[in-house]
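**Q** I am attaching a structure below and will ask some questions about it afterwards.
Residue numbers (full-length UniProt numbering), protein chains in the order written: chain A, 1 to 388; chain B, 1 to 388.
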């Protein structure tokens, strides 16, 4: 029976999110010949406004070029539909004659689908296809988009550490991550021993104090003559408030529809740079804000990430007849396996780093943590240890 | 006749600076068999302190692995020798029995060599081998290290522009560059038309006002629904002072031995982010500081840059018998050519972007400017134009 598939993208883009669109579109053509395949522009906003790209007849060549383009090529949104908005989305899906709505996104996207699913009849199935560079979805071993962003971060810290061997000082790279420190911790994936940077990692899972940071940096400089630090922009003080929040003037606070404060590594970075200069006068100290660079960078897209994201789109379509649900990428018996789980098993939940990934002090990876990143990333490039 | 070559690296690292060391070392072995090849640690500091890595017997495999390692693997320095320091360096060279001192660096490095050359006898030749991601050396068409850094910047802006097509807003990426805007302008190398970002570039060559920036951004947002900006951290106000200087509290000003103020994109970035939020309330606005990321990033090393940097090391050794001088990489009759020029032709001078690279408003590349970057960089990756 021919069907109508509506596909959309929500939340922050990744380097491989279009692979999932392509995987879903190609599977729909193969499994359900004669189906119509509509890509909604800007997520649920496009569905509510009948704003579609017709992917039905797009050549496979063009679809694969689209797949290899980083960042959400259908457009994205952070809209969180209320009851009235939900009605407009459901009406839109009915006008399109949708049999399945495949929405690619993180836990906010899964939450939106759970709400839509509860309000709709049984004639439409709602399928959540995971993606997020934050790697923070429960039920998933790792999420599409994470590997590529992690590869950028690992490359960046390997390079910066070589830079700070050449001319010594203190470097802090601030990496995206609101609640989960996976992306920041990926900075340490290619360390070989204590002398390699990053020498310290600070993640949202561990309460942060500036006093401790300064003490850690001083000790590292004493020992290695330099200190390279990877820090999540979402590091939190003991009261569970983002450190950045206390540094941003209140009248500039900006929240999205999901209530998330828009963090900016810049504010955090500047405050840290001033603190280091005052605490360690005369020491070369630099803070860079990676910001959006890791999430869609063309130069470091992981081939495995590409393939997995494509496979998830295919799996979403292949399992769309059985009912609504979320595609989960799990790791069972030494291999990556896909399965469907209920939408609300993923919605509005956040996976943080397991406690055994971090040492008791919270600023280094354990062997268990390292092993996880080694499994996901390619081996450290064959760089000669420099002579300094 | 066997000789002693002393090789050192000065100033900021690049992704390919070790290629020049390897090229020089291999040429010395081939052309002057039995020669001793010493790599000084941390530039002139290592020479003054007899701190050397003996490269004479290093296997070609290890030397090429070292060549492919980004950032100054011998260590670097920003020391600017005064008379007493010069004497210590010259004494060090004499102790080592040096017949030639090959110093890889920018115009400050060339200046140091000119001073040493004037103070030394004729028994040592001083050869400057160029490198700088700033691309600001006179007598050179482009400098080793620039292509790789430019490739990072072009990739970053292509990716970020796709990101801001997906979710609209204003993005400013702040790129290193104190006096010359080449690296910032490389952001526009892969633009195809007006709708592609970066929509605006701001470089130190053109007087900057925040009022003009805000007007330019508003116009671009009105026209394209988004605005992606590439800005040099060294942008200057009409009085030729770096904008960042007025934003950094005076007591935190930090200058190196060459009198250069240590700029930090972070201060500039934060000020701009606040300004945009106040001027365009409700608009998604993000500022990222690229900082050190472009200069040694492993994921975007240019193959041509590798080869040219290696060739420059080789040329430096091959021409070391004729006297002191600076290797210049020129573009003659459609091809890159190396020649020796006097040290003080390069020392303490800065090449900025030619006036015909920029439109009269100063915030776009002309066809002439674009052609230059097209000649240096690989073609734009085959990315599908997204559907938004």
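Ideal Cβ positions, reconstructed from N, Cα and C, are used throughout, including at glycine.
Is there at least one Cβ from chain B nearer than 8 Å to residue 41 of chain A's Cβ?
**A** Residue mapping note: residue 41 of chain A aligns to position 41 of the first chain, counting from 1. For residue 41 of chain A, the answer is yes, since a Cβ of chain B falls inside 8 Å of its Cβ.
**Q** Would you please verify whether the beta carbon of residue 228 of chain B is less than 8 Å from any beta carbon of chain A?
**A** As a working mapping, residue 228 of chain B is identified with position 228 in the second chain. False, the Cβ-Cβ gap to chain A never drops below 8 Å.
**Q** Enumerate in chain order the residues of its own chain whose CB-to-CB distance from residue 116 of chain A is below 7 Å, with the five nearest sequence positions on each side excluded.
**A** As a first step, residue 116 of chain A is located in the first chain; it is residue number 116 there, counting from the start. Cβ contact annotation for residue 116 of chain A (same chain, cutoff 7 Å, sequence separation greater than five): 86, 89, 90 and 126, in chain order.
**Q** Taking Cβ-Cβ distances below 8 Å as the criterion, which residues of the region 53–68 of chain A are in contact with chain B?
**A** Interface annotation for the region 53–68 of chain A against chain B: 53, 62, 65, 66 and 68, criterion Cβ-Cβ distance under 8 Å.
**Q** Could you tell me whether the Cβ atoms of residue 230 of chain B and residue 276 of chain B are closer together than 8 Å?
**A** Numbered from 1 along the second chain, position 230 holds the residue referred to as residue 230 of chain B. Numbered from 1 along the second chain, position 276 holds the residue referred to as residue 276 of chain B. Result no, Cβ atoms of residue 230 of chain B and residue 276 of chain B do not sit closer than 8 Å.
**Q** I'd like to know whether the C-beta atoms of residue 145 of chain A and residue 155 of chain B end up nearer to each other than 8 Å.
**A** The residue given as residue 145 of chain A occupies position 145 in the first chain. The residue given as residue 155 of chain B occupies position 155 in the second chain. Cβ distance not < 8 Å, so residue 145 of chain A and residue 155 of chain B don't count as in contact.
**Q** Identify every run of the beta strand (DSSP E) within the region 292–333 of chain A, keeping only runs that are complete inside it and at least 3 residues long; order them along the chain.
**A** 325–332
**Q** With a threshold of 8 Å on Cβ separation, who are the neighbours of residue 183 of chain B within its own chain once the five nearest residues in sequence on each side are excluded?
**A** Locating residue 183 of chain B in the second chain gives position 183, where the first residue counts as 1. 133, 134, 135, 146, 149, 150, 153, 175, 176, 177, 232 and 294.
**Q** Roughly how many whole angstroms lie between the Cα atoms of residue 22 of chain A and residue 64 of chain A?
**A** To locate residue 22 of chain A, count along the first chain from 1; it is residue 22. To locate residue 64 of chain A, count along the first chain from 1; it is residue 64. Roughly 7 Å separates the two Cα atoms.
**Q** For residue 353 of chain B, does the three-state DSSP call read helix, strand or coil?
**A** For the purposes of this step, residue 353 of chain B is taken as the residue at position 353 of the second chain. Three-state result, residue 353 of chain B: coil.
**Q** Roughly how many whole angstroms lie between the Cα atoms of residue 218 of chain B and residue 55 of chain B?
**A** In the second chain, counting from the first residue as 1, residue 218 of chain B sits at position 218. In the second chain, counting from the first residue as 1, residue 55 of chain B sits at position 55. The straight-line gap from Cα to Cα measures roughly 57 Å.
**Q** Would you say residue 29 of chain A faces chain B, with C-beta separation under 8 Å as the test?
**A** The count along the first chain starts at 1 and reaches residue 29 of chain A at position 29. Against chain B, the CB of residue 29 of chain A has no partner CB under 8 Å away; the residue lies outside that interface.
**Q** Check whether the region 321–329 of chain A and the region 184–203 of chain B touch, using three or more Cβ-Cβ pairs below 8 Å as the test.
**A** no
**Q** Shortest alpha-carbon distance to residue 114 of chain A belongs to which of A/80, A/59 and A/206?
**A** Along the first chain, one-based indexing puts residue 114 of chain A at 114. Ranking A/80, A/59 and A/206 by Cα distance to residue 114 of chain A puts A/80 first.
**Q** Can you check whether the CB of residue 180 of chain B is closer than 8 Å to the CB of residue 352 of chain B?
**A** For the purposes of this step, residue 352 of chain B is taken as the residue at position 352 of the second chain. For the purposes of this step, residue 180 of chain B is taken as the residue at position 180 of the second chain. Yes, the pair counts as a contact, with Cβ atoms nearer than the cut-off.
**Q** Look at the Cβ atom of residue 320 of chain A, then the Cβ atom of residue 131 of chain A, and state whether they are nearer than 8 Å.
**A** For the purposes of this step, residue 320 of chain A is identified with residue 320 of the first chain, where counting begins at 1. For the purposes of this step, residue 131 of chain A is identified with residue 131 of the first chain, where counting begins at 1. In this structure, residue 131 of chain A does not lie closer than 8 Å to residue 320 of chain A by Cβ.
**Q** Does DSSP put residue 142 of chain A in a helix, a strand or coil?
**A** As a working note, residue 142 of chain A is residue 142 in the first chain. Three-state result, residue 142 of chain A: coil.
**Q** Kindly indicate if chain B contains any beta-carbon less than 8 Å away from that of residue 288 of chain A.
**A** In the first chain, residue 288 of chain A corresponds to position 288, counting from 1. Interface residue, yes.
**Q** Cβ of residue 343 of chain B less than 8 Å from any chain A Cβ?
**A** Here residue 343 of chain B corresponds to residue number 343 of the second chain, with the count starting at 1. Judged by the 8 Å Cβ criterion, residue 343 of chain B is not in contact with chain A.
**Q** Compute the distance between the beta-carbons of residue 284 of chain B and residue 169 of chain B, then report whether it is under 8 Å.
**A** One-based indexing of the second chain puts residue 284 of chain B at position 284. One-based indexing of the second chain puts residue 169 of chain B at position 169. Yes. Within cutoff.
**Q** Quick one: any contact between the region 160–167 of chain B and the region 328–344 of chain B, if contact means 3 or more CB pairs under 8 Å?
**A** no
**Q** Taking residue 134 of chain A as the query, report the chain B residues whose CB atoms sit under 9 Å from its CB, ordered along the chain.
**A** Taking the first chain and counting its residues from 1, the one referred to as residue 134 of chain A is at position 134. Contacts between residue 134 of chain A and chain B, judged by CB atoms closer than 9 Å, are missing: the closest CB pair is about 15 Å apart.
**Q** At a Cβ threshold of 8 Å, is residue 193 of chain A touching chain B?
**A** In the first chain, counting from the first residue as 1, residue 193 of chain A sits at position 193. Put simply, the CB of residue 193 of chain A is far from chain B, with every gap to its CB atoms at 8 Å or more.
**Q** Strictly under 8 Å for the Cβ-Cβ distance: is residue 163 of chain B near chain A by that measure?
**A** Counting from one through the second chain, the residue named residue 163 of chain B turns up at place 163. Yes, its Cβ sits closer than 8 Å to a Cβ of chain A.
**Q** Taking only beta carbons into account, state which residues of the region 7–26 of chain B come closer than 7 Å to chain A, listed in chain order.
**A** Listed by position, the residues of the region 7–26 of chain B near chain A (Cβ gap below 7 Å) are 13.
**Q** Looking at C-alpha atoms only, which residue of B/140, B/35, B/59 and B/73 is the closest neighbour of residue 346 of chain B?
**A** Locating residue 346 of chain B in the second chain gives position 346, where the first residue counts as 1. Measuring from the Cα of residue 346 of chain B, the nearest candidate turns out to be B/140.
**Q** Ordered along the chain, which non-local residues of its own chain (more than five positions away) have a Cβ less than 6 Å from that of residue 42 of chain B?
**A** Numbered from its first residue, the second chain carries residue 42 of chain B at position 42. Hits under 6 Å: 75 and 77.
**Q** Is the CB-CB distance between residue 70 of chain B and residue 15 of chain B below 8 Å?
**A** Along the second chain, read from residue 1 onward, the residue named residue 70 of chain B stands at position 70. Along the second chain, read from residue 1 onward, the residue named residue 15 of chain B stands at position 15. Contact flag set, yes.
**Q** Give the list of continuous beta strand (DSSP E) stretches no shorter than 3 residues that lie fully inside the region 171–235 of chain A.
**A** 200–202 and 227–232
**Q** Let's see if you can read the secondary structure: which residues bound the beta strand (DSSP E) around residue 335 of chain B?
**A** Stepping through the second chain from its first residue, residue 335 of chain B is reached at position 335. First-last of the beta strand (DSSP E) with residue 335 of chain B: 335–341.
**Q** Assign residue 242 of chain A to buried or exposed, taking buried as 16 or more other Cβ atoms, counted over all protein chains shown, within 10 Å of its Cβ.
**A** The residue labelled residue 242 of chain A in the question sits at position 242 within the first chain. When all chains shown are included, residue 242 of chain A counts as buried.
**Q** Report the residues of the region 370–388 of chain B with a CB closer than 7 Å to any CB of chain A, ordered along the chain.
**A** 381, 382, 383, 384, 386, 387 and 388
**Q** First and last residue of the alpha helix (DSSP H) that includes residue 17 of chain B?
**A** Translated into positions along the second chain, residue 17 of chain B becomes position 17. Where residue 17 of chain B is concerned, the enclosing alpha helix (DSSP H) stretches over 17–31.
**Q** Relative to chain A, which residues along the region 288–314 of chain B have a C-beta separation below 9 Å, given in chain order?
**A** So the list reads 288, 289, 290, 291, 292, 293, 295, 296, 297, 298, 299 and 300, given in the order they occur along the chain.
**Q** I want to verify the contact list: residues of chain B whose CB lies under 7 Å from the CB of residue 159 of chain A, in sequence order.
**A** What you label residue 159 of chain A is simply residue 159 of the first chain in a count that begins at 1. Near residue 159 of chain A (Cβ distances below 7 Å), the residues of chain B are 70, 71, 296, 297 and 298.
**Q** Please go through the region 51–110 of chain A and give each complete alpha helix (DSSP H) segment of 4 or more residues, from N-terminal end onward.
**A** Runs of the alpha helix (DSSP H) inside the region 51–110 of chain A: 60–67 and 83–96.
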